[in-house]
Amino acid sequence: MKAVLALLLLVFAFPAFAVDPSEVLPNPALETRAREIGRALRCVVCQNQSIDDSNAEVARDMRRAVRERLVAGDNDAAVFDFMVARYGDYVLLNPPFKARTLILWLGAPLVLLIAGSALLLAARRRKAVVAPQPLSDEEQRRLDSLLKG
Amino acid sequence: MVAELGHFALILALAVALVQATVPLIGASRNDDRLMALGRTAALTQAFLVVLAFGALTQAYVTSDFSVANVVDNSHSAKPLLYKISGVWGNHEGSMLLWALILALFGAAVAVFGAGLPDTLRSRVLAIQALIGVGFLAFLLFTSNPFERVVPAPADGNGLNPLLQDPGLAFHPPLLYLGYVGFSVTYAFAIAALLEGRVDAAWARWVRPWTLAAWCFLTLGIALGSWWAYYILGWGGFWFWDPVENASLMPWLAGTALLHSAIVVEKRDALKSWTVLLAILAFSLSLLGTFLVRSGVLTSVHAFAQDPARGLYILGFLLAVTGGGLVLYAWRAPQLQGGGLFQPISREGGLILNNLLLCTLTVTVLLGTLYPLFLDLLTGDKVSVGPPFFNATFVPLCAPLFAALCVGPFLGWKRAELWPALMRLRVAFVVSLAAALIAMTMIDSRSTLAALAFGFGVWLIVGSLWALADRLKQGTLRTTPRATLGMVIAHASLGIVVLGSVATSAWHTEVMQTMKPGDRLSFAGYAVQLDKIEQVQGPNYVAERATLIVTVGGKPYTVLQPERRLFTVQRRQVAETAIQTNFLRDFYATLGEGDPSQGWVIRLYLNPLAPWIWLGAAFMAFGGFVSLSDRRLRIGAPRSSKTRRPAAQPAE
Amino acid sequence: MRRAIFILPLLTLALMAGFFAWSLTSGRDPASIGSVMVGRPAPKLDLAALREGEPALTDALLKSGKPVLVNFFASWCTPCLAEHPLFTRLAERDGATIIGIAWKNKRDDALKWLKRLGDPFKYAGLDLEGRTGLDWGLSGVPETYLVDGQGIVRLHFRGPITERDLNERILPALKGAK
């Protein structure tokens with residue numbers, strides 16, 4: 001039980017390679033939020049890393065800024081806005097949902113929808129053909145006569 | 150001297166490939182036996198020559214011949230032998246030579262093992278394979294010659310990127326390329342079929358082993374890359390949705406769809422044009438991956454050196470191969486006769502759904518990877534697409550796929566009833582539900598999604614194994630066809646991968662502390678003491694090594710020794726993590742920066758079920774190999790006798 | 802209609818290949834991250850002065866009616882060394898008002914560096930912790946901003962400025978905005 005408790009106390013949402021012990025906030029709830037936000041912010045001088053995973057100076061500054069804003073009482077959206085105001089949408093690893101990114105977010109679901117509907121329509125047309133049709137009376141009589149004689 | 154021999158062999162190989170690409174095609178359309186037979190000879194000769202060339206480059210690396218420019222750029226005399234060898238393909242030119250080698254070897258394999266194929270089909274396949282080979286060999290010889298000399302030869306080389314000096318990464322490219330190039334064979338089969346104007350069950354039967362082999366190797370290659378990232382990059386992540394990772398995932402998804410689609414062609418003579426298209430796309434996506442990595446249009450941690458000129462050549466090649474294939478497809482595919490009819494609820498219907506979902510997943514990854522580029526070109530806006538996007542779009546789509554995966558084998562061909570199939574799986578359903586509830590209540594009550602995903606993992610395992618339930622009851626398990634066994638193993642292993650991924654991502658624990666020698670900390674029931682920090686000398690690096698003594702309840706449990714290595718030649722630091730695994734979880738330690746006065750940053754992680762990710766992937770590939778070993782595939786479809794007009798016989 | 806479906810993959814390929822060819826021939830830099838500061842009011846300026854005895858830097862400096870250049874530099878930064886003579890020239894020959902900000906640099910190191918290479922900055926500030934840099938969307942040093950007389954950012958250079966930047970963009974902007 002003690003182990004489980006220890007586990008729960010030490011749980012963070014994700015590991016972060018570059019976060020320093022000195023950066024960690026004393027409030028675990030805020031620190032968890034800081035880690036989650038850090039995971040969703042891009043290091044602007046690295047190739048495809050989040051600020052939590054980067055050792056760059058700018059990444060460190062951004063991590064500190066995130067924590068300062070959280071301590072000051074900002075909610076998550078406000079922290080993201082803070083960063084976007086300075087670095088643009090580029091800094092968001094989760095691309096925003098706006099006119100410019102509609103195709104990005106809706107492209108694949110649209111393909112699924114269109115292809116799926118097309119297939120369903122084609123299937124409906126075929127369904128009638130495959131289901132065994134009952135014999136008409138005429139055909140049944142012919143079958144009987146053939147079988148008998 | 151050896152380098153020149155290698156160079157010459159390469160030139161000869163190009164000449165042979167040119168012959169192989171043209172003559173058998175002519176022979177096939179004229180039904181000329183001698184011309185078609187040339188395909189086999191040419192394929193074997195080409196393979197021999199490229200093997201020579203590759204051997205020459207390897208020899209240059211092993212003997213540290215620094216008069217060869219490629220060796221100077223990528224090797225060093227102090228490097229361990231294993232990495233001298235793997236350095237051959239750890240650079241652009243060498244890896245292109247590896248591509249050409251595997252292409253030629255696969256061509257030779259088709260020539261040798263494809264004796265059961267109809268002559269026209271085999272010669273066409275060999276010709277297409279050679280055509281692709283021409284592209285790569287020309288690329289090598291004209292833009293990326295690995296045998297360039299350097300005069301005067303420097304005393305020593307520049308060394309290999311320290312990140313690549315690792316056993317995992319040494320074998321990652323060859324396995325990946327075996328996968329990519331394996332798909333070139335299925336591509337060749339597709340083009341040959343379009344040229345012949347015929348796709349039938351026999352064709353599907355012949356295509357299946359090559360697709361399976363390619364898929365197995367690609368699975369292993371991707372898994373190895375992911376495992377390497379996990380233990381070398383130092384923070385326990387194993388998949389980052391980096392463009393180059395995505396570039397290998399897309400052909401894998403298309404290849405999986407192809408594998409399943411070909412079954413329908415074989416069993417029911419349906420889904421032909423879709424299967425041919427998937428065969429073209431799988432290889433095209435492999436080429437797209439090559440393009441993305443080497444052209445410089447995207448930045449990535451993995452990318453080779455950027456070079457727009459090279460990029461244009463590869464783009465041209467991609468256009469020729471994919472464009473040519475798709476033009477042929479647009480022209481000939483409509484004429485492919487549709488085969489057996491079936492109802493929506495049927496095994497065929499299930500496999501169509503499978504196709505649909507896998508293709509949508511591929512489109513998702515493609516869009517996510519390329520969108521920043523497109524938007525930047527069109528509007529100048531910069532946008533980033535990272536893991537959060539893929540977690541929101543890719544992962545949810547896996548749910549219907551996983552759900553349907555276990556139901557499929559219980560549906561009959563042509564027409565089936567859904568409810569009875571579902572009812573047969575009721576035990577699996579209950580067990581999965583229970584697993585999800587246990588995860589929710591006992592492990593972690595914060596994330597319902599993680600619990601749900603966990604349930605899906607269990608569903609995949611139990612539901613897949615249930616396909617053998619009837620056989621078990623009847624005692625006929627031993628006579629299960631290997632193809633079925635392979636399917637069950639592969640599907641269940643996917644569940645193992647899912648369980649490992651969910652557990653590691655959602656339920657790991659970590660602790661991070663600055664420690665000095667003698668300090669202790671308590672972590673998840675383990676007592677960890679930093680015993681000492683020492684300087685260690687490696688063959689081509691200097692490292693700082695920490696010794697962490699781990700005890701449980703006072704008794705010694707293990708010793709972890711993470712390092713930070715500084716490679717003297719390149720002046721780069723690489724972290725060597727220390728991992729202790731009991732196959733149910735990884736105990737993971739890294740050493741950060743530090744000094745005697747302030748102490749060192751030590752990070753410890755417990756990653757539950759992490760080993761299952763790679764063990765699961767290995768088992769998936771194993772399942773594929775089991776399927777491959779099915780006798781029916783090796784015997785192949787009956788060989789159709791050559792159509793010869795019989796001598797006129799008087800009616801008797 | 803059915804025929805059209807078979808052409809769809811080819812069309813998709815053509816579209817993608819078009820983008821790739823465009824990207825390869827446009828000379829675009831895939832690593833560039835753009836700038837959101839251009840066209841917007843300049844961020845806050847609230848820094849201690851680098852040189853002894855001078856007043857702290859404030860926003861008023863950016864809204865003086867005359868365009869100013871803001872240059873972030875550091876003594877440990879090699880490209881800063883390369884671009885510095887251009888600023889000296891701008892200050893002496895063209896009379897430009899340049900605000901220099903030492904980023905993550907110890908005061909003494911920065912002052913020594915300026916003493917050695919020449920000090921073209923009318924005003925100079927010290928951003929030891931990088932907070933001002935963050936507010937200005939800095940990704941490293943050197944970076945240079947041109948702010949017009951009304952306090953709107955007109956140009957943002959990431960990396961060292963070149964002769965070409967000077968002649969084609971900075972000088973015209975300085976003269977034009979006057």
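Going line by line, the protein sequences match chains A, B and C.
Heads up: the first sequence begins at 1 in this note's numbering, then just goes up one per residue.
Heads up: the second sequence begins at 150 in this note's numbering, then just goes up one per residue.
Heads up: the third sequence begins at 802 in this note's numbering, then just goes up one per residue.
The beta carbon of each residue, even a glycine, is placed where N, CA and C say it ideally should be.
In the DSSP assignment, the beta strand (DSSP E) including residue i goes from what residue to what residue?
| i | result |
| --- | --- |
| V739/B | In the sequence under discussion, the amino acid at residue 739/B is Thr, which differs from the Val named in the question. From DSSP, the beta strand (DSSP E) with T739/B extends over 734-744. |
| K681/B | 675-686 |
| N872/C | 869-874 |
| W359/B | Element bounds for W359/B: not the beta strand (DSSP E) but the alpha helix (DSSP H), 350-381. |
| Y665/B | The displayed chain sequence assigns Lys, not Tyr, to residue 665/B. Element bounds for K665/B: n/a, residue is neither H nor E. |
| N756/B | 748-757 |
Measuring only between beta-carbons, confirm whether residue i sits less than 8 Å from chain A.
| i | result |
| --- | --- |
| V837/C | yes |
| F820/C | no |
| M661/B | yes |
| D860/C | no |
| D936/C | yes |
| S876/C | no |
| I902/C | no |
| I834/C | yes |
Which same chain residues end up closer than 6 Å to residue i when comparing Cβ atoms and leaving out the 5 residues on each side of it in sequence?
| i | result |
| --- | --- |
| L753/B | V660, F672, A738 |
Where residue i and residue j are concerned, what is the direct C-alpha to C-alpha distance, given to the nearest angstrom?
| i | j | result |
| --- | --- | --- |
| P973/C | L104/A | 39 Å |
| R573/B | F559/B | 8 Å |
| R838/C | M83/A | For the sequence presented, residue 838/C should be read as Met rather than Arg. Taking the straight line joining both Cα atoms gives about 12 Å. |
| S613/B | L373/B | 25 Å |
| L92/A | S235/B | 37 Å |
| L617/B | G561/B | 15 Å |
| G472/B | L485/B | 20 Å |
| F551/B | L609/B | 7 Å |
| V274/B | T190/B | 14 Å |
| L206/B | A152/B | 7 Å |
| Y380/B | E725/B | 8 Å |
| R908/C | A875/C | 10 Å |
| N240/B | Q623/B | 55 Å |
| A378/B | D949/C | 48 Å |
Using a Cβ-Cβ cut-off of 7 Å (strictly less than) and excluding sequence neighbours within five positions of residue i, which residues of its own chain qualify?
| i | result |
| --- | --- |
| L427/B | A403, A406, L407, S410 |
| I592/B | W656 |
| M1/A | In this prediction, M1/A has a pLDDT of 39, which is less than 50 and means its spatial position is unreliable; nothing more can be read from the coordinates. |
Taking 8 Å as the limit between beta carbons, can you name the residues of its chain near residue i, skipping five residues before and five after?
| i | result |
| --- | --- |
| T707/B | V699, Q729, F736 |
| R959/C | S833, I834, S836, S940, G941, E944 |
| L30/A | R67, L70, V71 |
| P457/B | S444, G445 |
Answer with buried or exposed for residue i, where buried requires no fewer than 16 other C-beta atoms within 10 angstroms of its C-beta.
| i | result |
| --- | --- |
| G807/B | Given a span of 150 to 801 for chain B in the structure shown, any question on residue 807/B remains unanswerable. |
| M150/B | exposed |
| T194/B | buried |
| F97/A | exposed |
| R780/B | exposed |
| S117/A | exposed |
| V685/B | exposed |
| T933/C | buried |
| W568/B | exposed |
| P311/B | buried |
| Q951/C | exposed |
| V413/B | buried |
| F543/B | buried |
| D895/C | exposed |
Just checking: is the beta-carbon of residue i within a distance shorter than 8 Å of some beta-carbon in chain C?
| i | result |
| --- | --- |
| E57/A | yes |
| D76/A | no |
Is residue i close to chain B? Criterion is C-beta to C-beta, closer than 8 Å.
| i | result |
| --- | --- |
| N94/A | yes |
| G38/A | no |
| L939/C | no |
Terminal residues of the continuous alpha helix (DSSP H) containing residue i?
| i | result |
| --- | --- |
| G606/B | 597-615 |
| L697/B | It is not in any alpha helix (DSSP H) - L697/B instead sits in the beta strand (DSSP E) that spans 690-701. |
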